[in-house]
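Here the protein sequences come in this chain order: A and B.
Residue 144 is where the first sequence starts when you use my numbering, and the numbers rise one by one after that.
Residue 144 is where the second sequence starts when you use my numbering, and the numbers rise one by one after that.
Note sheet for the following structure.
2 protein chains.
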Amino acid sequence: MKEIKKIQYAGFSYINGGVCAAKGFRANGLYTGIKENPTKKPDLCLVVSDQICRAVAVFTQNKVQAAPVTVSKRHLQQTGGTAHGMILNSKNANACNADGVEKSERMCQLAAEKIGVDAAEILIAQTGVIGQIMPIKPMEKNIDALYQGLSYDGNEKAAIAIMTTDTVKKEVAVEFQLDGKICHIGGMGKGSGMICPNMATTLNVITTDCAISTEMLQKALDSVVKVTYNCLYIDGDQSTNDTCAVLANGFAENVEIDGEGEAYDKFCQALFIVMSNITKMLAKDGEGATKLLECNVTGGKTWEDALAIAKSVIASDLLKCAMFGEDANWGRILCAIGYAPAEFTLEHVAVTLESSGGSVKVCENGAGVAFSEEAAKKVLEADEIQIQVDLADGTAKATAWGCDLTYDYVKINSDYRT
Amino acid sequence: MKEIKKIQYAGFSYINGGVCAAKGFRANGLYTGIKENPTKKPDLCLVVSDQICRAVAVFTQNKVQAAPVTVSKRHLQQTGGTAHGMILNSKNANACNADGVEKSERMCQLAAEKIGVDAAEILIAQTGVIGQIMPIKPMEKNIDALYQGLSYDGNEKAAIAIMTTDTVKKEVAVEFQLDGKICHIGGMGKGSGMICPNMATTLNVITTDCAISTEMLQKALDSVVKVTYNCLYIDGDQSTNDTCAVLANGFAENVEIDGEGEAYDKFCQALFIVMSNITKMLAKDGEGATKLLECNVTGGKTWEDALAIAKSVIASDLLKCAMFGEDANWGRILCAIGYAPAEFTLEHVAVTLESSGGSVKVCENGAGVAFSEEAAKKVLEADEIQIQVDLADGTAKATAWGCDLTYDYVKINSDYRT
């Protein structure tokens, strides 16, 4: 059961449709055999808007950047922040290849020719093994079928095509109103391993029919990514390929958002709902994971302090193992708080473990308190665990998401290439 | 087979004796039942010098510091850097306990009374589960037997007493000459999990009969710890208890080292030999480890760049899993180089995998090169793997040590408290 529990927000409804939830977006995904695969799981997909979009993206902060990152950055610069569509594949990262950029450009060109636009108006993202030569033939052979198969409900095929070790596809979409107009934001993501918060993270495509300026779209993405994907931790490895792109085609016909204000805030909230839910999905489906872990830090002096502590707790291999073993080894939480790059007062720290199974306080004033091991076991048996850390040093709060560390993480990654 | 291969150095001979290798040091270890244990493995030990020592130490940089860290720091300050002995226990970290400092002070006092010195002249280190109340009765009951059993060959009992999840004891000692006098440096360490390079690391006691000023002893320890224990990575968790102390009693009767020069350099080299070998032992016996990994970075612009890259590679969970699976997934090495906080030129990077099974170049000019999977498999089958990264950007070099990530790491840590 890798499904997450979604929080309900007034004024926003969850809808189906993923990257096709917003008006005017078509998608498709198919199997091209980039790497032979008996299951014939789709490995290539295309997301296309019926008209040109405002487009922004954030990318991995790894200094070793895959070719698609180089190419997408270049295209956004060339167009000044517009795009018509995006092509994505799994099964090959096209990173650390001498001819990588040439191949990524070629893929954009293939898509652009079909759509009848300039290659610079196509963004690209790729994921898979690093340092394997990217085969271009499967693309050339299948681009026509991929294009012909585009449809307004092709979102699921696309979401499946970008999966690597993911066990479930990740799609979220919401509907809301701006100026009495119905608006949508929807997205898809892929994650699983090589995920660390200091970055954009993973492959993600978000589409919206809202009208919004490129500048405000980038601002919204930057602010939301900071409290969603960048607060996600699976294994501390920052991928070479991470890309999160947002395409906005304006079909909703709201008054274009070109500055801060109520409409911008509502847009940001909708984007947060989509991206935070995808973040939780990515956490829950981390490689080998059996549990979603959420660390909520309250009472921080600053947001930076609260966030650093939340991330440090979520990243602790030892805590991740203890959560897998359903062992309330809270000392490891204190230990991880202690090495976070943050200010706090140990004597103020309280820690509570929570889930659908109940709530158990394990630490107060920086020291252990007596608790029922039975009650703790009940809390930790659940598949979504909240680790509540109260610093009682101020009013700032932050959340980070992750998962447990299991035998299967080791199994999956000890023989990933074959 | 957790034994490491030791490098031979001209002018230095490896000898037995651990913390008792240096003249005038006695040790003992025994089982006191701090935590019930059917194997009756020793859990408490004492190391005592026949005369007062110059004493220095480095401690964890975790802001959550265990009581023994607080107490040892206090004692070193009170005495201005001298000590008569050190008491250590496993099975309880005495961290995050409201009465922790009181208990650690009491342990020092118990030892001091037996030896007939001031409690401030005793250092203390403790390791085990965090946040468990420290039982003091086993100490009170056994201190006399511990003291009476001190002997000049009690090093092994002491080394066993500090083991936690370690599968082998860690002792190294060397003999060398200064001013025609025979000198010794020996030490013991315990490690296994909760080990990250940004700190002193683990519990370590080093003893020497060299005559050296407190100031130069601290300088030597600081410089050597930087390139040994601080270059060790097991799981990224920085312990609350890490302590590395050096006691020098001057029994060798060399001219006291009180400044830089030939004698100081030789002392530092001896200290490096002891501490680098213990570091490798700690790496090879990391929790669940089947392989020692060593990352040698050459051609860095600066030492800091080379070190940051070596540490980043050694710390990658994904690479650690690949090494466990003997899978030459070199893309993960490039990925880890890319997110290291360091300057380098991707197009210059070359990576070679080496071991007793041979040598295989997997990456050149920042991109993959064709290599024989069979030859790579042979290299990775060995139990000590060298990952050679040449940055070809300068002349700086650095080494970091770690181990593979295995099912057993997860197993050990998913149920550590019981």
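Glycine included, C-beta positions come from ideal geometry on N, C-alpha and C.
Model, not experiment: these values are computed from the prediction.
Asked: Endpoints, the beta strand (DSSP E) within which residue 563 of chain B is located; Found: The question about residue 563 of chain B has no answer here: the residues shown for chain B are numbered 144 through 561.
Asked: C-alpha gap between residue 468 of chain A and residue 232 of chain A, whole angstroms; Found: 36 Å
Asked: Distance between residue 158 of chain A and residue 343 of chain A (C-alpha atoms, nearest Å); Found: Note that residue 343 of chain A scores a pLDDT of 45, beneath 50, so its modelled location is shaky and nothing firm can be said.
Asked: Proximity below 8 Å, CB of residue 533 of chain A to CB of residue 441 of chain A; Found: yes
Asked: For residue 201 of chain A, the first and last residue of its enclosing beta strand (DSSP E); Found: 187 to 202
Asked: Closer than 8 Å at the beta carbon, the chain A residues around residue 646 of chain B; Found: Past the edges of chain B, shown from 144 to 561, lies residue 646 of chain B, and the structure says nothing about it.
Asked: Inter-stretch contact at 8 Å, needing at least 3 Cβ pairs: the region 164 to 172 of chain A / the region 190 to 199 of chain A; Found: yes
Asked: Span of the beta strand (DSSP E), counted from its first residue to its last, around residue 265 of chain B; Found: 265 to 269
Asked: Residues near residue 222 of chain A by beta carbon distance below 7 Å, same chain, minus five either side; Found: 263, 264
Asked: Limits of the beta strand (DSSP E) - the one that residue 455 of chain A falls within; Found: Not the beta strand (DSSP E): residue 455 of chain A falls in the alpha helix (DSSP H), residues 446 to 458.
Asked: Beta-bridge partners of residue 350 of chain B, as assigned by DSSP; Found: B/329, B/390
Asked: Contacts that residue 438 of chain A makes with chain B (C-beta to C-beta distance below 7 Å); Found: Going along chain B, no residue has its Cβ under 7 Å from residue 438 of chain A, so there is no contact; the nearest lies around 15 Å.
Asked: Same chain only: Cβ atoms within 6 Å of residue 509 of chain B, ignoring 5 sequence neighbours per side; Found: 489, 490, 492
Asked: Neighbour list for residue 285 of chain B in chain A, Cβ cutoff strictly below 7 Å; Found: The contacting residues do not exist; residue 285 of chain B stays about 25 Å from chain A at best.
Asked: Residues near residue 147 of chain A in its chain [Cβ-Cβ closer than 6 Å; skip 5 each side]; Found: 423, 424, 427
Asked: Assigned exposure category for residue 320 of chain A - 16 Cβ within 10 Å defines buried; Found: exposed
Asked: Three CB pairs or more closer than 8 Å across the region 532 to 547 of chain B and the region 449 to 456 of chain A; Found: no
Asked: Status (buried if at least 16 other CB within 10 Å, exposed otherwise) for residue 386 of chain A; Found: buried
Asked: Coil, strand or helix - residue 533 of chain A by DSSP; Found: strand
Asked: Any C-beta of chain A under 8 Å from that of residue 206 of chain B; Found: yes
Asked: The ligand FMN heavy atom lying under 7 Å from the CB of residue 154 of chain B; Found: Among the components of this structure there are no ligands whatsoever, and the ligand FMN is therefore not found.
Asked: Closer than 8 Å to chain B by CB, residue 435 of chain A; Found: no
Asked: Per-residue burial, residue 284 of chain A [other beta carbons within 10 Å of its own, 16 or more giving buried]; Found: exposed
Asked: Min CB distance residue 334 of chain B to chain A below 8 Å; Found: no
Asked: Limits of the unbroken alpha helix (DSSP H) element including residue 383 of chain B; Found: Element bounds for residue 383 of chain B: n/a, residue is neither H nor E.
Asked: Within 8 Å, strictly: CB atoms of residue 384 of chain A and residue 211 of chain A; Found: yes
Asked: Length of the line joining the Cα atoms of residue 237 of chain A and residue 474 of chain B; Found: 11 Å
Asked: Closest Cα partner of residue 186 of chain A within the set A/269, A/447, A/329, A/414; Found: A/269
Asked: Backbone CA spacing between residue 381 of chain B and residue 458 of chain A [nearest angstrom]; Found: 12 Å
Asked: Nearest candidate by alpha-carbon position, reference residue 275 of chain A, set A/241, A/200, A/303; Found: A/241
Asked: Exposure label - residue 547 of chain B; buried when at least 16 CB within 10 Å; Found: buried
Asked: Straight-line gap, residue 393 of chain A to residue 401 of chain A (C-alpha atoms, nearest Å); Found: 12 Å
Asked: Residue 523 of chain B in three-state terms, based on DSSP; Found: helix
Asked: Status (buried if at least 16 other CB within 10 Å, exposed otherwise) for residue 281 of chain B; Found: buried
Asked: CB contact below 8 Å: residue 272 of chain B versus chain A; Found: yes
Asked: Proximity of residue 512 of chain A and residue 522 of chain A at Cβ, strictly below 8 Å; Found: no
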